[in-house]
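A.B. asks: One structure coming up, written as structure tokens, with questions to follow.
Numbering (my numbering), first residue to last: 249 to 401.
Right, dumping it as structure tokens:
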């Protein structure tokens, strides 16, 4: 509702709303991770005479990069679902196609749209879970596509 005065409800306002929510959530999650950084590695790097950029790169970001990637993938999954839901209420995209085909009683197109939603959400979930598993040492070995799909349910 914050962006409705900028323009009518549609694609632009939906993108702005999703972006604002994502930036807020990621900012909060990243800040929480940065607050839990251990000072030992940072002081060790500083004691070698490293510059500020090197201290941030090798002392701070090396401790939080995996969690930053995991949180970003999590927000991507959420945003995919939100975008489809907003499409159903008129913001465009795949959700709007499903709603329009329902309104016109074109149930084959509705079913095709729902299958596409399932494929998109499942695909993003599988890719995201595989990347997150690779970020955790020892979890990505021997896990095939079927096991990954079973792990989702």
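Backbone N, C-alpha and C fix where the C-beta goes; we use that ideal spot for every residue, glycine too.
Keep in mind the model is a prediction, meaning the values are calculated, not measured.
Extract the residue ranges of the alpha helix (DSSP H) inside the segment 265-343, only unbroken runs of 4 or more that lie entirely within it.
C.D. replies: Those alpha helix (DSSP H) runs which fall completely within the segment 265-343 and span 4+ residues are 287-295, 310-334.
A.B. asks: Could you please give the first and the last residue of the uninterrupted alpha helix (DSSP H) stretch that includes residue 384?
C.D. replies: Counting along the chain, residue 384 falls outside any alpha helix (DSSP H), and DSSP gives it neither H nor E.
A.B. asks: Taking 8 Å as the threshold, find out whether the segment 254-268 comes into contact with the segment 308-320 through three or more Cβ pairs.
C.D. replies: No, because fewer than three Cβ pairs between the segment 254-268 and the segment 308-320 fall closer than 8 Å, the two stretches do not touch.
A.B. asks: On the three-pair Cβ rule with 8 Å, is the segment 282-298 touching the segment 308-318?
C.D. replies: The segment 282-298, when compared against the segment 308-318, does touch it at the 8 Å Cβ threshold.
A.B. asks: For residue 278 versus residue 306, is the C-beta spacing smaller than 8 Å?
C.D. replies: It is not a contact, given that the beta carbons lie outside the stated cut-off.
A.B. asks: Considering only residues of the same chain and omitting the five flanking positions on each side of residue 380, which have a CB-CB separation below 7 Å?
C.D. replies: Closer than 7 Å at Cβ, skipping near neighbours: 318, 321.
A.B. asks: Cutting at 7 Å between CB atoms, please list the residues of its own chain near residue 273, excluding the five before and the five after it.
C.D. replies: Cβ neighbours of residue 273 beyond the five flanking positions: 323.
A.B. asks: Quick check on DSSP: helix, strand or coil for residue 250?
C.D. replies: Of the three classes helix, strand and coil, the one that applies to residue 250 here is coil, per DSSP.
A.B. asks: Assuming residue 332 and residue 342 form a contact by the criterion Cβ under 8 Å, report the distance between their Cβ atoms to the nearest whole angstrom.
C.D. replies: Confirmed, about 6 Å.
A.B. asks: Please work out which residues of its chain come closer than 6 Å, Cβ to Cβ, to residue 293, disregarding the five sequence neighbours upstream and downstream, and give them in chain order.
C.D. replies: Hits under 6 Å: 303, 306, 307.
A.B. asks: Grab me the residues of residue 285's own chain with a C-beta within less than 7 Å of its C-beta, minus the 5 sequence neighbours each way, in chain order.
C.D. replies: The residues are 308, 311, 312.
A.B. asks: Is the beta carbon of residue 361 sitting closer than 8 Å to the one on residue 345?
C.D. replies: Their beta carbons are under 8 Å apart, which means residue 361 touches residue 345 by this criterion.
A.B. asks: In terms of alpha-carbon separation, which member of 330, 339, 356 lies closest to residue 257?
C.D. replies: It is 339 whose Cα lies nearest to the Cα of residue 257.
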